[in-house]
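Participant: This note's numbering puts the last residue of the sequence shown at 336; the count rises by one with no breaks.
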Amino acid sequence: MRVVCLAGGVGGAKLADGLQQILAPGELTVVVNTGDDLEVHALAVSPDVDTVLYTLAGIAEPAQGWGIAGESWQVMGQLARLGDETWFRLGDRDIATHLFRTDRLRRGIRATEVTLALARSLGLESHVLPMTDQPVRTRVRTTAGWLDFQDYFVRLRQEPSVFEVAFEGIENATLTPEVRDALRAAEAIVVAPSNPIVSIGPILAVPGLLAEIIAARRRGVPVVGVSGIVGGRALRGPADRMMESLGEESSALGVARRYVAAGLLDVFVVDRIDEGLAAPIRALGPEVVVTDTIMTDAGSRVLLAREMLAAAAWQGAAGAEDRSAGDPAAAKEAGR
Ligand code: FO1
Numbered sequence: 001m002r003v004v005c006l007a008g009g010v011g012g013a014k015l016a017d018g019l020q021q022i023l024a025p026g027e028l029t030v031v032v033n034t035g036d037d038l039e040v041h042a043l044a045v046s047p048d049v050d051t052v053l054y055t056l057a058g059i060a061e062p063a064q065g066w067g068i069a070g071e072s073w074q075v076m077g078q079l080a081r082l083g084d085e086t087w088f089r090l091g092d093r094d095i096a097t098h099l100f101r102t103d104r105l106r107r108g109i110r111a112t113e114v115t116l117a118l119a120r121s122l123g124l125e126s127h128v129l130p131m132t133d134q135p136v137r138t139r140v141r142t143t144a145g146w147l148d149f150q151d152y153f154v155r156l157r158q159e160p161s162v163f164e165v166a167f168e169g170i171e172n173a174t175l176t177p178e179v180r181d182a183l184r185a186a187e188a189i190v191v192a193p194s195n196p197i198v199s200i201g202p203i204l205a206v207p208g209l210l211a212e213i214i215a216a217r218r219r220g221v222p223v224v225g226v227s228g229i230v231g232g233r234a235l236r237g238p239a240d241r242m243m244e245s246l247g248e249e250s251s252a253l254g255v256a257r258r259y260v261a262a263g264l265l266d267v268f269v270v271d272r273i274d275e276g277l278a279a280p281i282r283a284l285g286p287e288v289v290v291t292d293t294i295m296t297d298a299g300s301r302v303l304l305a306r307e308m309l310a311a312a313a314w315q316g317a318a319g320a321e322d323r324s325a326g327d328p329a330a331a332k333e334a335g336r
């Protein structure tokens, strides 16, 4: 089954890892948010892309979820000694990735090609694609004014409230042929439990990308999402507080509302804790699956991935039956 997964950083990477473990080699494409990207110490850093790459390659730092396991911090130590700012910490081996990326981007190589090259070098058979080749920068209007995303996320530890979100450069971003082709070939589209506003939001804002997903849904390709907000709290990061300060409900229902409004959702997966939200979410349109969604270890990543693909297969077949009603050729194709 060819699957496209839309993902941000740590949560998205974990689900992508679960999917990679159960799909045949090469069947998974992860389309990753690049709104968190930044230039630091003259290096082009793409945190969510690298988190997905390192996780799929099995070299991610297990406790924090980003960066490389067993890192050393010699460069940061020396930079601090020189009096440079070091609040955004780059490990020594991680810096190799940024040097590799920066060098190639400066030579005019597309971010997609650079990422595919990194993935190949790390031994991946899954395809990891930045959402676009053009620079897009997420900025947030907060109690501390307008901030670059990592300024808000890392330097200010997500403490200021967020009242507005902008994806700078999004109007010049274009859909890459690689993302377009992956969406056209997909048999299922999975939306990871990433922050719906600043991780999935920028991906859906790339001009033409959502239209491809909606066209895929019309062809009967199911879109299956999962809530990263469980019991009203974000599993990681500031999604719950952001939803509230932006006037939305901080719950799986709030996330579902966002995705349904975008025209995205066939099935929504919610945690057992949120079983009571299944009925109101179903009332919005999508089918709802209630299961364990918190990925604490390798096994739980696989279980959630399996649950989501089972829902996709079931929904895909149901969709094919609906579409074949009254059409004998289509009915035959749908196996009736
Ligand atoms: N997160 C932090 O909380 N502190 C850091 O110093 C930090 C450095 C960093 C370097 C490379 C990288 O790929 C990720 C890094 N992250 C760091 C994580 C990153 O800020 C977030 O995970 C994402 O941008 C949110 O998805």
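C-beta atoms are modelled at their ideal positions from N, C-alpha and C, and glycine is treated no differently.
Going by DSSP in three states, Gly145 sits in which element: helix, strand or coil?
Facilitator: To locate residue 145, count along the sequence shown from 1; it is residue 145. Strand, per DSSP.
Participant: Any heavy atom of the ligand FO1 closer than 7 Å to the Cβ of Asp94?
Facilitator: Mapped onto the sequence shown, residue 94 falls at position 94. Because some heavy atom of the ligand FO1 lies under 7 Å away, the Cβ of Asp94 counts as near it: yes.
Participant: Cβ of Leu90 versus every heavy atom of the ligand FO1: is any distance shorter than 7 Å?
Facilitator: Along the sequence shown, one-based indexing puts residue 90 at 90. True, at least one ligand heavy atom lies under 7 Å from that Cβ.
Participant: Just to confirm, is the Cβ distance from Leu265 to Gly225 under 8 Å?
Facilitator: Along the sequence shown, one-based indexing puts residue 265 at 265. Along the sequence shown, one-based indexing puts residue 225 at 225. A contact, by the Cβ cut-off of 8 Å.
Participant: Does DSSP classify Arg336 as helix, strand or coil?
Facilitator: Start at 1 with the first residue of the sequence shown, and residue 336 comes out as number 336. Summary for Arg336: the model assigns pLDDT 35, below 50, so the residue's position carries little reliability, and this model does not support an answer.
Participant: What does the Cβ neighbour count give for Phe163, buried or exposed, with the cut at 16 atoms within 10 Å?
Facilitator: Translated into the one-based positions of the sequence shown, residue 163 becomes position 163. So Phe163 counts as exposed.
Participant: What do you reckon, are the CB atoms on Leu19 and Leu28 nearer than 8 Å?
Facilitator: Residue mapping note: residue 19 aligns to position 19 of the sequence shown, counting from 1. Residue mapping note: residue 28 aligns to position 28 of the sequence shown, counting from 1. Yes.
Participant: For His127, which three-state DSSP category applies?
Facilitator: Within the sequence shown, the letter at position 127 stands for residue 127. His127: strand per DSSP, three-state reduction.
Participant: Which value, in whole angstroms, describes the spacing of the CA atoms of Gln21 and Leu56?
Facilitator: Numbered from its first residue, the sequence shown carries residue 21 at position 21. Numbered from its first residue, the sequence shown carries residue 56 at position 56. Straight-line Cα distance between these residues: approximately 9 Å.
Participant: Under 8 Å between the Cβ atoms of Ala312 and Ala188?
Facilitator: Start at 1 with the first residue of the sequence shown, and residue 312 comes out as number 312. Start at 1 with the first residue of the sequence shown, and residue 188 comes out as number 188. Their beta carbons are under 8 Å apart, which means Ala312 touches Ala188 by this criterion.
Participant: Please say whether Ala166 and Ile197 have beta carbons closer to each other than 8 Å?
Facilitator: Walking along the sequence shown from the start, residue 197 turns up at place 197. Walking along the sequence shown from the start, residue 166 turns up at place 166. For Ile197 and Ala166, no; Cβs fall outside 8 Å.
Participant: Out of Glu249, Val302, Ser300, which one is the CA nearest neighbour of Leu277?
Facilitator: Locating residue 277 in the sequence shown gives position 277, where the first residue counts as 1. Out of Glu249, Val302, Ser300, Glu249 has the C-alpha closest to the C-alpha of Leu277.
Participant: Using the Cβ count rule (16 or more neighbours within 10 Å means buried), how would you classify Ala44?
Facilitator: Counted from its first residue, the sequence shown places residue 44 at position 44. Classification for Ala44: buried.
Participant: Any contact of the segment 118-126 with the segment 134-141, i.e. 3+ C-beta pairs under 8 Å?
Facilitator: No: the two stretches stay apart, fewer than three of their Cβ pairs being nearer than 8 Å.
Participant: Only counting the same chain, and skipping five residues up and downstream in sequence, which positions put a Cβ closer than 6 Å to that of Ala367?
Facilitator: The chain is shown from 1 up to 336; residue 367 falls before or after that span and cannot be answered.
Participant: How about Leu175 and Val206: are their beta carbons less than 8 Å apart?
Facilitator: As a working note, residue 175 is residue 175 in the sequence shown. As a working note, residue 206 is residue 206 in the sequence shown. Cβ distance < 8 Å, so Leu175 and Val206 count as in contact.
Participant: In whole angstroms, what is the alpha-carbon distance linking Gly65 and Leu303?
Facilitator: Within the sequence shown, the letter at position 65 stands for residue 65. Within the sequence shown, the letter at position 303 stands for residue 303. Straight-line Cα distance between these residues: approximately 19 Å.
Participant: Measuring alpha carbon to alpha carbon, tell me which of Ile170, Gln315, Leu116 ends up nearest Gly208.
Facilitator: By 1-based counting over the sequence shown, the position of residue 208 is 208. Minimum Cα distance to Gly208 is reached at Ile170.
Participant: If you draw a straight line from the C-alpha of Asp271 to the C-alpha of Arg157, how long is it?
Facilitator: Taking the sequence shown and counting its residues from 1, the one referred to as residue 271 is at position 271. Taking the sequence shown and counting its residues from 1, the one referred to as residue 157 is at position 157. Their backbone Cα atoms lie some 27 Å apart in a straight line.
Participant: Return the CA-CA distance between Glu39 and Ala279, expressed in angstroms with no decimal places.
Facilitator: Residue mapping note: residue 39 aligns to position 39 of the sequence shown, counting from 1. Residue mapping note: residue 279 aligns to position 279 of the sequence shown, counting from 1. When rounded, the distance between both Cα atoms is 45 Å.
Participant: Do the CB positions of Leu309 and Ala262 come within less than 8 Å of each other?
Facilitator: For the purposes of this step, residue 309 is taken as residue 309 along the sequence shown, with counting starting at 1. For the purposes of this step, residue 262 is taken as residue 262 along the sequence shown, with counting starting at 1. No; because the gap between Cβ atoms is not below 8 Å, this pair is not in contact.
Participant: Taking Val267 as the reference, which of Met243, Val223, Thr51, Asp292 has the closest Cα?
Facilitator: Reading the sequence shown from its first residue, position 267 is the one you call residue 267. Looking at the Cα atoms, Val223 is the closest of the given residues.
Participant: Can you find the residues in the same chain that come closer than 7 Å, C-beta to C-beta, to Ala234, ignoring five residues on each side of it along the sequence?
Facilitator: In the sequence shown, residue 234 corresponds to position 234, counting from 1. These residues qualify, in order along the chain: Gly228, Asp240.
Participant: In angstroms with no decimal places, state the Cα-to-Cα distance between Pro160 and Pro202.
Facilitator: Reading the sequence shown from its first residue, position 160 is the one you call residue 160. Reading the sequence shown from its first residue, position 202 is the one you call residue 202. Their backbone Cα atoms lie some 21 Å apart in a straight line.
Participant: Could you give the DSSP three-state label for Gly11: helix, strand or coil?
Facilitator: Taking the sequence shown and counting its residues from 1, one reaches residue 11 at position 11. Looking at Gly11 - three-state DSSP - the assignment turns out to be helix.
Participant: Could you check whether Val260 and Gly220 sit closer than 8 Å to each other, using their CB atoms as the reference points?
Facilitator: What you label residue 220 is simply residue 220 of the sequence shown in a count that begins at 1. What you label residue 260 is simply residue 260 of the sequence shown in a count that begins at 1. Not closer than 8 Å, so no.
Participant: Using 8 Å as the threshold, is the C-beta distance between Pro177 and Thr34 below it?
Facilitator: Walking along the sequence shown from the start, residue 177 turns up at place 177. Walking along the sequence shown from the start, residue 34 turns up at place 34. Taking 8 Å as the Cβ cut-off, Pro177 and Thr34 do not qualify as a contacting pair.
Participant: On the criterion of 16 or more Cβ atoms from any shown chain inside 10 Å, does Gln315 qualify as buried, or is it exposed?
Facilitator: Counted from its first residue, the sequence shown places residue 315 at position 315. It counts as buried.
Participant: Cα separation between Val288 and Met1?
Facilitator: Within the sequence shown, residue 288 is the residue found at index 288, counting from 1. Within the sequence shown, residue 1 is the residue found at index 1, counting from 1. Rounded to the nearest angstrom, the two C-alpha atoms are 21 Å apart.
Participant: When DSSP builds the beta bridges, which residues end up paired with Val40?
Facilitator: Against the sequence shown, residue 40 aligns to sequence position 40. According to DSSP, Val40 bridges with Leu43.
Participant: For Phe167, which three-state DSSP category applies?
Facilitator: Position 167 of the sequence shown, counted from the first residue, corresponds to residue 167. Looking at Phe167 - three-state DSSP - the assignment turns out to be strand.
Participant: Count the other CB atoms, across all protein chains shown, that sit within 10 Å of the CB of Asn172; report buried if there are 16 or more and exposed otherwise.
Facilitator: Within the sequence shown, residue 172 is the residue found at index 172, counting from 1. Looking at its Cβ environment, which holds fewer than 16 other Cβ atoms inside 10 Å, Asn172 is exposed.
Participant: Indicate, with yes or no, if the ligand FO1 has a heavy atom lying under 7 Å from the CB of Val45.
Facilitator: Within the sequence shown, the letter at position 45 stands for residue 45. Yes.
Participant: With hydrogens ignored, establish whether the beta-carbon of Phe100 is closer than 7 Å to any heavy atom of the ligand FO1.
Facilitator: Here residue 100 is taken as the residue at index 100 of the sequence shown, counted from 1. No - the ligand FO1 has no heavy atom lying nearer than 7 Å to the Cβ of Phe100.
Participant: Measure how close the beta-carbons of Met295 and Leu15 come, nearest whole angstrom, since I'm counting them as under 8 Å.
Facilitator: As a first step, residue 295 is located in the sequence shown; it is residue number 295 there, counting from the start. As a first step, residue 15 is located in the sequence shown; it is residue number 15 there, counting from the start. Rounded, the Cβ-Cβ distance is 7 Å, consistent with contact.
Participant: Mind checking Leu339: buried by the 16 CB within 10 Å criterion, or exposed?
Facilitator: Summary: the structure shown does not reach residue 339, with the chain confined to residues 1 through 336, and so no result is reported for it.
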